[in-house]
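For what it's worth, my numbering labels the leading residue of the sequence shown as 4, then goes sequentially. Every residue gets a Cβ at the ideal spot worked out from N, C-alpha and C, and that includes glycine. Since the structure is predicted, the reported quantities are computational estimates derived from the model, not experimental observations. A short worksheet on the structure shown next.
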Amino acid sequence: MTPIVTPAQMAAIDAAAPEPVETLIARAAAAVERAAVDMLGGTYGRVVNVIAGPGNNGNDGRVAADLLRRRGVRVRVFDVAGCPAGLPAADLVIDAAFGTGFHGDWEAPDVGDAVVLAVDIPSGVDALTGCAGAGVLPADATVTFQALKPGLLFGVGSRLAGAVGVADIGLDTSGAQQHLVDAADVANWWPARAVDAHKWRNAVRVVAGSPGMTGAARLCAEAAARAGAGLVKLSVPGAEAATRAEIVQHLIGAGGWSEEVLADIARFGALVIGPGLGRVEATIDAARSTIADATVPVVVDGDGLFAAAWDADGAAPLFENRGVATVLTPHDGEFALLTGAPPDADRIAATRSLAAHLGCTIVLKGPATVVAEPGGAVLVVDHGDQRLATAGTGDVLAGMIAAALAAGAPALQAAAAAAWLHADAARFGPDEGILAGDLIEALPMALAGIR
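See the structure below:
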């Protein structure tokens with residue numbers, strides 16, 4: 004996992020460093036020099052413009068400029084205070100104008116067709132939220148120091164940063180409570196089937212869909228099966244779904260079904276409730292009773308989140324006596340149902356706050372998905388792309404999380420690993436035209452990739 008720290012946390016880490024600031028600047032500048040040479044493809048005959056600001060970020064750029072000169076690169080340094088509106092032609096521009104502590108707007112100069120390397124973060128991007136004004140210089144690559152900053156992962160900052168590399172300059176980030184998930188983490192967390200496994204050892208119960216909305220139920224159930232559940236039992240209140248023969252269907256009525264669903268719930272490793280379930284009063288009542296009384300880990304998705312929020316006292320009382328893991332999977336609109344307002348620009352803080360308030364693991368879906376547990380730990384998954392922005396992909400994710408929970412994975416790791424694999428499955432398809440069902444078919448390949 005790669006640590007993620009806020010600007011305030013990074014300032015405290017810098018202040019606690021035993022080395023003098025000059026040593027840290029030298030290390031950072033050496034990392035910038037290495038990145039610049041890589042982007043230039045060599046040094047002979049190359050020209051570099053450096054935009055240097057007044058703080059340590061600017062000093063990183065100035066020292067990097069000296070190092071590049073020693074390697075034969077022609078370097079020009081432009082101080083921010085007197086930077087012209089347009090820079091002379093160069094092969095590379097190093098943006099060392101402002102760092103993670105900058106607040107405000109900055110109009111970058113015209114750099115022509117030069118490639119751009121940002122130092123720590125593109126100047127003018129809010130390092131906490133990723134928000135940025137129109138004048139920020141888009142980077143082809145960013146070299147950041149010791150830990151990722153949220154602004155490199157969220158908002159427009161994630162696009163302005165280009166390819167991000169993290170350089171180790173000897174600072175202690177061991178206290179970070181938020182981390183970026185990578186393939187090695189997923190390989191460690193995703194449960195493997197035991198050699199003596201049988202179908203009931205990690206079975207998943209799904210209550211989803213409604214008359215006319217059975218597709219969500221099918222996607223969720225089939226995703227759970229593909230993700231490793233030995234048996235999946237599906238109930239669509241008041242209807243039957245057209246799904247694979249391997250999915251066991253149990254017919255239940257349109258309302259008053261909670262007791263029937265819970266009758267054999269102990270046989271299952273996890274329950275998913277909510278995708279396509281509908282929002283009629285009888286459904287809401289049954290869903291709330293089922294969530295409150297289920298004795299196994301529960302994934303609450305889609306209309307299950309609506310049911311959870313449908314109370315004058317909010318969602319928190321529904322979860323306070325659960326005693327076992329509960330994972331909620333809201334997008335921004337469903338987050339607003341649970342809290343009364345959409346998440347603010349600091350998505351990590353918003354997700355962490357909701358997890359603490361509800362006592363549940365929260366999966367805030369988005370271009371970078373944030374997973375937070377009640378104790379404060381946060382995992383971020385930025386492996387996905389626009390291919391996941393299509394109907395039904397959330398239903399697939401809910402089924403995958405349930406499969407990992409049923410196999411015994413802790414809620415935080417189960418949700419984060421499922422989100423990563425969910426995104427990875429999309430990468431086995433074309434850039435355009437992927438449907439949610441295609442992710443299910445690609446899951447075995449994604450799983451094989453981490454083994």
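Quick one: what's got a C-beta closer than 7 Å to residue i's C-beta in the same chain, skipping five residues either side?
{"i": "alanine 219", "result": "Ala211, Gly212, Pro278, Gly279, Gly305, Gly395, Asp398"}
{"i": "leucine 442", "result": "Thr396, Val399, His425, Ala428, Ala429"}
In chain order, what residues of the same chain have a beta carbon less than 8 Å from the beta carbon of residue i, not counting five sequence neighbours either side?
{"i": "alanine 414", "result": "Pro300, Ala328, Thr329, Val330, Thr364, Glu376, Leu408"}
{"i": "leucine 151", "result": "Thr5, Pro6, Ile7, Val8, Val167, Val169, Leu183"}
{"i": "glycine 458", "result": "With the chain running from 4 to 454 in the structure shown, residue 458 is simply not present."}
{"i": "leucine 438", "result": "Thr393, Gly395"}
{"i": "glycine 411", "result": "Pro194, Asn205, Gly272"}
Quick check on the burial criterion: 16 or more other C-beta atoms within 10 angstroms. Buried or exposed for residue i?
{"i": "serine 238", "result": "buried"}
{"i": "aspartate 129", "result": "buried"}
{"i": "arginine 390", "result": "buried"}
{"i": "alanine 68", "result": "buried"}
{"i": "valine 119", "result": "buried"}
{"i": "arginine 355", "result": "buried"}
{"i": "glutamate 26", "result": "Here residue 26 turns out to be threonine, not glutamate, going by the sequence shown. Per the 10 Å Cβ criterion, exposed."}
{"i": "glycine 160", "result": "buried"}
{"i": "serine 177", "result": "exposed"}
{"i": "asparagine 324", "result": "exposed"}
{"i": "aspartate 316", "result": "exposed"}
{"i": "methionine 13", "result": "buried"}
{"i": "methionine 448", "result": "exposed"}
{"i": "tryptophan 192", "result": "buried"}
{"i": "lysine 202", "result": "exposed"}
By DSSP, does residue i sit in helix, in strand, or in coil?
{"i": "glutamine 180", "result": "coil"}
{"i": "glutamine 389", "result": "helix"}
{"i": "leucine 254", "result": "coil"}
{"i": "alanine 135", "result": "strand"}
{"i": "asparagine 62", "result": "helix"}
{"i": "alanine 142", "result": "coil"}
{"i": "isoleucine 404", "result": "helix"}
{"i": "serine 238", "result": "strand"}
{"i": "asparagine 191", "result": "helix"}
{"i": "arginine 208", "result": "strand"}
{"i": "phenylalanine 309", "result": "helix"}
{"i": "phenylalanine 81", "result": "strand"}
Under 6 Å Cβ to Cβ from residue i, same chain only, skipping five residues before and after it: list those, please.
{"i": "alanine 348", "result": "Thr132, Cys134"}
{"i": "serine 261", "result": "Ala289, Ser292, Thr293"}
{"i": "valine 76", "result": "Thr46, Arg49, Val51"}
{"i": "isoleucine 255", "result": "Ser238, Pro240, Glu263"}
Would you list the residues sitting across from residue i in a DSSP beta bridge?
{"i": "proline 447", "result": "According to DSSP, which records beta bridges pairwise, proline 447 is partnered with nothing at all."}
{"i": "valine 327", "result": "According to DSSP, which records beta bridges pairwise, valine 327 is partnered with nothing at all."}
{"i": "aspartate 113", "result": "Gly89"}
{"i": "aspartate 98", "result": "Ile54, Ala121"}
{"i": "phenylalanine 148", "result": "Ala170"}
Quick check: does the Cβ of residue i come within less than 6 Å of any heavy atom belonging to the ligand GTP?
{"i": "aspartate 113", "result": "Within the structure as shown, the ligand GTP is missing, as the structure has no ligands at all."}
(message) Does the structure place the segment 291–299 close enough to the segment 253–272 that three or more beta carbon pairs sit under 8 Å?
(response) yes
(message) Tell me whether the segment 51–71 and the segment 26–35 touch, counting them as touching only if at least three CB pairs, one residue from each stretch, are closer than 8 Å.
(response) Yes, since at least three Cβ pairs between the segment 51–71 and the segment 26–35 fall closer than 8 Å, the two stretches touch.
(request) Give a yes or no on contact between the segment 20–28 and the segment 192–199, applying the rule of three or more CB pairs nearer than 8 Å. (result) no
(message) Check whether the segment 58–66 and the segment 96–115 are in contact - that is, three or more C-beta pairs closer than 8 Å.
(response) yes
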